[in-house]
Amino acid sequence: MQTETTEIISAERLAGLFEKNGPQIFKNDTPAITAIRKQAMETFLRLGFPKRNLEEWKNTDLKESLEREYECLFSPPSNIDPQKIFHCNIPHLDTAVIGQFNGWFVSKDVPLITLGNGIIMGSLAEALKKYPDLVEKYYSKYAGFENNSLTALNTAFAQDGIFIYVPDNVQSHKPVQMINVVQAEQSIFLQSRNLIILGKNSSLSIVHCDDSYNHQASFSNVVTEIFMDDQAVMDHYKLQNLNNDSTLVSSVYFNLERSAKLDSHFISLNGGLLRNNIFLCFNGADSNASIFGLYLMDRKQHIDNQVFVDHAKPGCTSKEMFKGIMDEQSSGVFNGHVLVRRDAQKTDARQNNRNILLTDTARVNSKPFLEIYADDVKCSHGSTTGQLDQEAMFYLMQRGIGEDSARMLLMFAFADEVVGKIAIPQLRQRIEDMVKKRLQGELQICEQCVLHCSTPEHPMEFDIDISKI
Amino acid sequence: MLLSINNLHASINGKEILKGIDLDVNKGEVHAIMGPNGTGKSTLASVIAGRDVFDVTKGEITYNGKNLLKMAVEDRAREGVFLGFQYPVEIPGVSITNFMRTAVNEVRKYRGLDPLPAVQFLKMMDERKKLVEIHSNLTNRSVNEGFSGGEKKKNEIFQMAMLEPTLAILDETDSGLDIDALRIVANGVNKLRTSENAFLVITHYQRLLDYIVPDFVHVLFEGRIVKSGPKELAYELEEKGYDWIKSEFK
Numbered sequence: 228m229q230t231e232t233t234e235i236i237s238a239e240r241l242a243g244l245f246e247k248n249g250p251q252i253f254k255n256d257t258p259a260i261t262a263i264r265k266q267a268m269e270t271f272l273r274l275g276f277p278k279r280n281l282e283e284w285k286n287t288d289l290k291e292s293l294e295r296e297y298e299c300l301f302s303p304p305s306n307i308d309p310q311k312i313f314h315c316n317i318p319h320l321d322t323a324v325i326g327q328f329n330g331w332f333v334s335k336d337v338p339l340i341t342l343g344n345g346i347i348m349g350s351l352a353e354a355l356k357k358y359p360d361l362v363e364k365y366y367s368k369y370a371g372f373e374n375n376s377l378t379a380l381n382t383a384f385a386q387d388g389i390f391i392y393v394p395d396n397v398q399s400h401k402p403v404q405m406i407n408v409v410q411a412e413q414s415i416f417l418q419s420r421n422l423i424i425l426g427k428n429s430s431l432s433i434v435h436c437d438d439s440y441n442h443q444a445s446f447s448n449v450v451t452e453i454f455m456d457d458q459a460v461m462d463h464y465k466l467q468n469l470n471n472d473s474t475l476v477s478s479v480y481f482n483l484e485r486s487a488k489l490d491s492h493f494i495s496l497n498g499g500l501l502r503n504n505i506f507l508c509f510n511g512a513d514s515n516a517s518i519f520g521l522y523l524m525d526r527k528q529h530i531d532n533q534v535f536v537d538h539a540k541p542g543c544t545s546k547e548m549f550k551g552i553m554d555e556q557s558s559g560v561f562n563g564h565v566l567v568r569r570d571a572q573k574t575d576a577r578q579n580n581r582n583i584l585l586t587d588t589a590r591v592n593s594k595p596f597l598e599i600y601a602d603d604v605k606c607s608h609g610s611t612t613g614q615l616d617q618e619a620m621f622y623l624m625q626r627g628i629g630e631d632s633a634r635m636l637l638m639f640a641f642a643d644e645v646v647g648k649i650a651i652p653q654l655r656q657r658i659e660d661m662v663k664k665r666l667q668g669e670l671q672i673c674e675q676c677v678l679h680c681s682t683p684e685h686p687m688e689f690d691i692d693i694s695k696i
Numbered sequence: 023m024l025l026s027i028n029n030l031h032a033s034i035n036g037k038e039i040l041k042g043i044d045l046d047v048n049k050g051e052v053h054a055i056m057g058p059n060g061t062g063k064s065t066l067a068s069v070i071a072g073r074d075v076f077d078v079t080k081g082e083i084t085y086n087g088k089n090l091l092k093m094a095v096e097d098r099a100r101e102g103v104f105l106g107f108q109y110p111v112e113i114p115g116v117s118i119t120n121f122m123r124t125a126v127n128e129v130r131k132y133r134g135l136d137p138l139p140a141v142q143f144l145k146m147m148d149e150r151k152k153l154v155e156i157h158s159n160l161t162n163r164s165v166n167e168g169f170s171g172g173e174k175k176k177n178e179i180f181q182m183a184m185l186e187p188t189l190a191i192l193d194e195t196d197s198g199l200d201i202d203a204l205r206i207v208a209n210g211v212n213k214l215r216t217s218e219n220a221f222l223v224i225t226h227y228q229r230l231l232d233y234i235v236p237d238f239v240h241v242l243f244e245g246r247i248v249k250s251g252p253k254e255l256a257y258e259l260e261e262k263g264y265d266w267i268k269s270e271f272k
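For the protein sequence lines, the chains are A and B, in the order given. Just remember that the working numbering sits 227 ahead of the position in the first sequence, which is counted from 1. Just remember that the working numbering sits 22 ahead of the position in the second sequence, which is counted from 1.
Shown next as structure tokens:
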């Protein structure tokens, strides 16, 4: 494996690495992609790493994360046994598992498979070699990097990631599970890129997990572009369970054409510094998107959800509901920005952020924001941050329920507004278990995948039965 | 003696609300506590239940021979103290079924009993719902969420029926009820009355006492019980109004 020594990450070092590893980075590129990379690198060097003087980075400081020493990888890992790493044990959850190891696609078989129904999935680098026209048509079209230095950096460097293509009129009945495992001997800085394309009138369920398997520090800068053509339907789950020395900046760009329907869920259970940049553009009329978020943070963890919804076309509905429970000295940010353009009449946009602070030292900065240029629209936003309802606590305890159980009941009920929206029953059950474990302070980063928390040998048990809430 | 309150003083934010309450309640008795607004009726109920926003500055409460003031809120409940809230709290996301199952089983655990098997629990729910004429769909909803005033009060009595308390304190259970709901709530209470339990019924009006007939009536005024008597005292209050008390004790 070709590696670099560990060093502090700086723009200068990255410029040097880009220069030096050019042949490796450009190896699978078409000329057009190489041109985009070079342009992106220029943009990154012009912008530099985001600083706190930028409005959208005011409450999230990458300084500490960047001051660690990281190794950068420019070649795929070798000697990986995907079956060992990407074992998923949710009972009765039948998924097609796609594995990523430190951002690289790994498989024991071929790097790109085409299913009988025409669905293509596997390595993005391989897709670029095999289907250059298809990839070029969508690649970097939605993840604009002019004003976003980390997306620019990712565009310059990312060599691999996941590619999924669902042709027109194809319904994928089996959920696809993308598992990205971060694990290395040394601290690593990694950048991967995913591209998901849903054709007209197609559908896909996707479960996207980011996991750590050890306690080594890491910095992941991941960009995912998701294109949904007319009447495409997608159920999207993003689960994050990383160690406390992990920094993850995940930027997901959704583009919805006409009459598409998206349900997206961002569930952050663990991580040192987690930043979700969620960009959603309604590029066609009459589409519908729900974005739910749940974050459960403690210690000195930091979570930042930035949600930008662009109502560019009329008749679309967007609904955002982000909920967080913050313990100890954890900190959180919610920045919701809904833009309703002048022609986007009949827009229905709702935005909501609710937080529970369990300690005096936990804090959240919440800023829901509506920017409206059309006159016939329904828009609302709201934000609440407070403690657990003491009236409700007293009420529960007056019925004989102990303080810990009462607190658990209230926290779980609070989280359930998001967890309850998970459409795949087996997945919902598992996430419920994980949330319960997390709230009881028992969830660790797992030896196996993020969903490998209860095994027949080590079943999870709870003092109270909250399965029927 | 089930409950013995002796020279109880309690305050909130430094302001004294209860200024020396004495009250004895035996098993099998129903006591009504009446009085004008703002005289400490709800405070008395809250202090017995263990609400920590009130500071007990003096006096004691003995319950079943134990020092009640030393017990945690949940232990008071597990020992059989029930408070029917004047304003039941809405708890979105927690179903009544799960709430009650958790409560019943925690109380049972405290008493050294095994959890109630699900089938038995559901059967018990059905029985107790009938007692307060609750229709089955109510119990699939979140606790008190979106309930009407009458539904909330019926739900309090239903919970009381589930938990079978030894001392039930009903804090203005009649407020906001129409006559039909009042009758249903009162019937529920009457069906639960035994020689082994006691009720402390707090009310502003005599109306409820037509349905729940008390053994004793106490008048609370400015933090003290200023008058006690048989049930006829309630009629006298209704007739003369609280101004009578105010002018006599001011």
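Note that CB positions come from ideal geometry on N, CA and C, so glycine has one too.
Touch test, the region 79 to 96 of chain B against the region 249 to 269 of chain B, Cβ-Cβ under 8 Å, three pairs minimum
no
Which one of A:Q327, A:E598, A:T341 and A:N582 has the shortest CA to CA distance from A:C436?
A:Q327
What residue range does the beta strand (DSSP E) around A:L355 cover?
From DSSP, A:L355 is part of no beta strand (DSSP E) but of the alpha helix (DSSP H) over L351 to K357.
Could you tell me which residues DSSP puts in a beta bridge with A:K488?
A:V460 and A:N515
Identify the contact partners of B:F76 in chain A, using a Cβ-Cβ distance below 7 Å as the criterion.
Neighbours of B:F76 on chain A: none; closest Cβ ~12 Å, over 7 Å.
Cutting at 7 Å between CB atoms, please list the residues of its own chain near A:E296, excluding the five before and the five after it.
T233, E234, I235 and S414
If the cut-off is 7 Å on Cβ atoms, which residues from the region 89 to 103 of chain B count as contacting chain A, listed in chain order?
V95, E96, A99 and R100
By alpha-carbon positions, which one of B:E186, B:A183, B:R150 and B:D202 ends up nearest to B:G172?
B:D202
Under 9 Å, do B:L144 and B:V126 count as touching if we go by C-beta distance?
no
Any chance you could list the beta strand (DSSP E) runs of at least 3 consecutive residues sitting entirely within the region 531 to 578 of chain A, in chain order?
544 to 553 and 558 to 567
Does A:A487 pass the burial test, meaning 16 or more other C-beta atoms within 10 Å, or should it be called exposed?
buried
Name the two residues that bound the continuous beta strand (DSSP E) containing B:L25.
L25 to I34
Interface residues of chain B facing A:S632 [CB-CB closer than 8 Å]
T124 and E128
Would you mind stating whether B:S33 and B:I224 have Cβ atoms separated by less than 9 Å?
no
Output the distance between the C-alpha atoms of A:G349 and A:V324, rounded to the nearest integer angstrom.
10 Å
Could you check if B:M23 is buried or exposed, using at least 16 other CB atoms within 10 Å of its CB as the buried criterion?
exposed
Excluding sequence positions up to five away, which residues of its chain have a Cβ less than 6 Å from the Cβ of A:N532?
N503, G520, F549 and F561
Classify B:M93 as helix, strand or coil using the three-state DSSP reduction.
coil
A:Y369 to A:D537, Cα distance in whole Å?
12 Å
Entirely enclosed alpha helix (DSSP H) segments - the region 82 to 151 of chain B, minimum 4 residues:
95 to 100 and 118 to 132
By a C-beta neighbour count over all protein chains shown, 10 Å radius and 16 as the cutoff for buried, is A:P258 buried or exposed?
exposed
Just mark A:E659 as buried or exposed, buried being the case when its beta carbon has 16 or more other beta carbons within 10 Å.
buried
Start-to-end residues for the beta strand (DSSP E) that takes in A:E261
For the sequence presented, residue 261 of chain A should be read as Thr rather than Glu. No beta strand (DSSP E) holds A:T261; the alpha helix (DSSP H) holding it covers P258 to L274.
For A:F328, which of helix, strand or coil comes out of DSSP?
strand
Which residue or residues does DSSP assign as beta-bridge partners of A:Q398?
A:S430
Please report the residue range of the alpha helix (DSSP H) in which A:R657 lies.
P652 to L666
Residue closest to A:M553, alpha-carbon to alpha-carbon, out of A:M620, A:V476, A:L666 and A:F481:
A:L666
Look at A:L351 and A:V476 and say whether their C-beta atoms are less than 9 Å apart.
no
Going along the chain, which residues of its own chain have a beta-carbon closer than 6 Å to the beta-carbon of A:K605, five neighbours each way excluded?
D575
Is the beta carbon of A:Y464 closer than 9 Å to that of A:S491?
yes
So with Cβ pairs under 9 Å, would you call A:M553 a contact of chain B?
no
Give the single residue among A:R568, A:I424, A:Q418 and A:S439 whose Cα lies nearest to the Cα of A:C299.
A:Q418
What in chain A is Cβ-close to B:I113, meaning under 9 Å?
D616, A619, Y622, L623, L636, L637 and A640
Whole-number beta carbon distance between A:L422 and A:M461, since they are thought to touch under 8 Å
Rounded, the Cβ-Cβ distance is 14 Å, inconsistent with contact.
Assuming B:S68 is part of the alpha helix (DSSP H), what are its boundary residues?
K63 to A71
Looking at the strands, I want to know which residues DSSP matches up with A:Q418.
A:N448
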